[in-house]
Every structure is written in C-alpha cells, then in structure tokens.
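Counting with my numbering, you get residues 186 to 274 for the letters of the sequence shown.
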Amino acid sequence: MKILFYTPLIGLLLLLAGCITTDVDQEYGKGQMSNWDMQIVDPAPAVAEQTPEGLAGIDAEKVMDTRNKSFGEATTDTGGLTIGTIEAK
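In structure tokens form, the structure reads like this:
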C-alpha cells in the first residue's frame, strides 16, 4: 500500500523538478542570446543610414552563379549499403 502512495508522489516531484529555473539557466540563456546577436552583421538594416560595403552587383553575379550551379549538380551514387530491399531477377 505504501508503494501506491509514494509512486505518484515521486512522479509529481520529478515533474516539478523540471520546472524549476535557476540563476545558471538564466545566465546561460543570456550568454546564448548575446552570442547569437554577435553573429548578426547588421541587426537593423532597415534603419541604417548608409549602404553596406561589399561586392558590387556585377561582381557578385559571378559568385552567385557559381553558388547556384553547385546546388544544381546531381550527386553520384556511391554504392552504399542498402538494407531491406530485394531485387527481382
């Protein structure tokens, strides 16, 4: 009878333990968001008063063509292991 009483109680305690937040969790979240923000080059481009520096459009066209062609190439079959198929003879 004691087992029937303690089992739901232990389950409830484990469930509530997952809801507790600590200072470590909050600091980790702040650090993660800070790192994420540092990876963004221009967080507010709509309100920027000057144009970004970089490639001119005519030069960027060659780069974009090379990039787009790399996605269009078909991959070749490497002859990997296939499990669960039966070939008809």
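Here a beta-carbon is modelled for each residue, glycine too, at the ideal position from N, C-alpha and C.
Practice task
Assuming P230 contacts D222 (C-beta within less than 8 Å), just tell me the rounded distance between them.
Solution key: Here residue 230 is taken as the residue at index 45 of the sequence shown, counted from 1. Here residue 222 is taken as the residue at index 37 of the sequence shown, counted from 1. Actually they are not in contact, since the Cβ atoms of P230 and D222 sit about 14 Å apart, beyond 8 Å.
Exercise for the section: Determine the DSSP secondary structure at E246, reduced to helix, strand or coil. Expected result: Along the sequence shown, one-based indexing puts residue 246 at 61. DSSP, read as helix, strand or coil, puts E246 in helix.
Exercise for the section: For D208, name the three-state secondary structure that DSSP assigns. Expected result: To locate residue 208, count along the sequence shown from 1; it is residue 23. Helix.
Problem - Per-residue DSSP class, three states only, for Q217 - result: The residue you call residue 217 lines up with position 32 of the sequence shown. It is helical.
Problem - Spatial distance of N220 from R252 (CA atoms) - result: Here residue 220 refers to the residue found at position 35 when the sequence shown is read from its first residue. Here residue 252 refers to the residue found at position 67 when the sequence shown is read from its first residue. Near 28 Å, if we compare the C-alpha coordinates of R252 and N220.
Handout entry: CA-to-CA distance, I188 to G196, given in whole angstroms
Key = Residue mapping note: residue 196 aligns to position 11 of the sequence shown, counting from 1. Residue mapping note: residue 188 aligns to position 3 of the sequence shown, counting from 1. C-alpha separation (whole angstroms): 12 Å.
Exercise for the section: Please list, in chain order, all residues of the same chain as E246 whose beta carbon is under 8 Å from its beta carbon, the five residues on each side excluded. Expected result: Residue mapping note: residue 246 aligns to position 61 of the sequence shown, counting from 1. Same-chain partners within the cutoff: there are none.
Practice task
Would you identify the three-state DSSP class for A202, choosing helix, strand or coil?
Solution key: The residue labelled residue 202 in the question sits at position 17 within the sequence shown. Looking at A202 - three-state DSSP - the assignment turns out to be helix.
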